[in-house]
Amino acid sequence: MPEYQHRWLNGKAVDLPVGKVVCVGRNYAAHAKELNNPIPEKPILFIKPSTALVSLSEPIPLHEDQGGCHYETEIALLIGKPLQNASPGQANQAIKATGIALDLTLRDLQTQLKKESHPWEVAKGFDGACPISEWIPASELDPLDEIDLQLSINDEIRQQGNSRDMITAIPQLLAYMSSHFTLKPGDVVLTGTPAGVGALKKDDQLKLLLSGCYRFFGSAG
Ligand code: ZN
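Using my numbering, read the sequence shown as starting at 1249 and increasing by one per residue.
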């Protein structure tokens, strides 16, 4: 697996180290419902290590020996300034770029671990568990509360959402994250998935659409 480096849409390297990926579970009500989960009162946070990050253009490994590998399409943010106990306004200023990512989840393994009351880190934090697009400068994208995202598999739309439907909006989410984990330049934040998650199958062709006009492609297996 080639080492991941943040890249702009034009292929140039982003001048930032590659850090951790801080994620939120159940940030869209319709997705919480589809997995029979209650809507959380506070954001549910977890972390994928930097080794989870890979380019979306690499084939997505399915780990079929460990049960179903689910896609979760999410708006991704690249942090450009340190955030610790930040206000939503400070958090807003720290977003350097926006992209789109898959929060890959070994769902059967996660369900089993949850049932046993164990941490489910290995179901979400494995090598390659966060395929991610190139980055678009934050200034070029729609406002943070109006970002569209969409996933098609084999030309069929599977997930569709907009950041306006998030339970915790992006600036507030980053502020909350920074009260638990310092966010450093080069860290990535995933902002939750809309409804429609499901298992990937070998040779699936994925098309991810960000803000209606930025297209990225991936393939499984
Ligand atoms: Zn997710």
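Note that beta-carbon positions come from the ideal geometry of N, C-alpha and C, so glycine has one too.
Counterpart residues of residue i in DSSP-defined beta bridges
i, result
"E1404", "I1401"
"F1294", "C1271"
"S1467", "Q1453"
"M1414", "Y1276"
"A1339", "Per DSSP, none; premise fails for A1339."
"G1328", "Paired residue(s): none; G1328 is not in a bridge."
"Y1319", "G1446"
Cβ-Cβ separation, residue j to residue i (assumed contact under 8 Å), whole Å
i, j, result
"I1327", "P1433", "6 Å"
"V1325", "T1346", "It should be pointed out that residue 1325 corresponds to Leu in this sequence rather than to Val. Yes, L1325 and T1346 are in contact; Cβ-Cβ is about 6 Å, under 8 Å."
"S1426", "I1418", "13 Å between Cβ atoms; not a contact."
"W1383", "L1257", "7 Å"
"L1399", "Y1319", "7 Å"
"K1363", "A1342", "That pair is no contact at about 38 Å."
Closest residue to residue i among the options (Cα-Cα distance)
i, options, result
"G1376", "L1399, L1293, A1423 and S1305", "S1305"
"P1250", "P1385, K1362, P1379 and M1414", "P1379"
"A1349", "L1389, A1261, V1302 and F1294", "V1302"
"T1441", "L1397, T1346, L1457 and R1463", "L1397"
"I1415", "D1393, D1435 and L1331", "D1393"
"I1405", "V1445, Q1420 and L1422", "V1445"
"H1311", "L1257, L1352, H1428 and V1269", "L1352"
"G1373", "K1268, R1255 and Q1338", "K1268"
"A1447", "Y1252, L1354, A1339 and V1266", "L1354"
"S1298", "P1330, Y1252 and A1334", "Y1252"
"N1285", "A1443, S1387 and K1450", "A1443"
"Q1408", "K1260, D1356, T1321 and V1272", "T1321"
"P1336", "P1307, A1423, K1260 and V1262", "A1423"
Per-residue DSSP class, three states only, for residue i
i, result
"V1302", "strand"
"S1459", "coil"
"I1395", "coil"
"H1428", "helix"
"E1385", "Note on residue identity: the sequence assigns Pro, not Glu, to residue 1385. It is a strand residue."
"A1345", "strand"
Beta-carbon contacts of residue i that lie in its chain and below 7 Å, excluding the five residues immediately before and after
i, result
"N1402", "D1452 and Q1453"
"V1270", "L1293, I1295, M1425, F1429, L1431, D1435 and V1437"
"P1265", "G1434"
Contact set for residue i: own chain, Cβ-Cβ below 6 Å, skip 5 residues either direction
i, result
"A1280", "R1274 and I1287"
"S1381", "L1304, G1347, I1348 and F1464"
Close-in-space but distant-in-sequence residues of the same chain around residue i (CB under 8 Å, 5 per side omitted)
i, result
"R1463", "K1455, L1456 and L1457"
"D1390", "D1396 and S1459"
heavy atom of the ligand NAP below 7 Å from residue i C-beta
i, result
"D1396", "As for the ligand NAP, it is missing from this structure, which binds only the ligand ZN."
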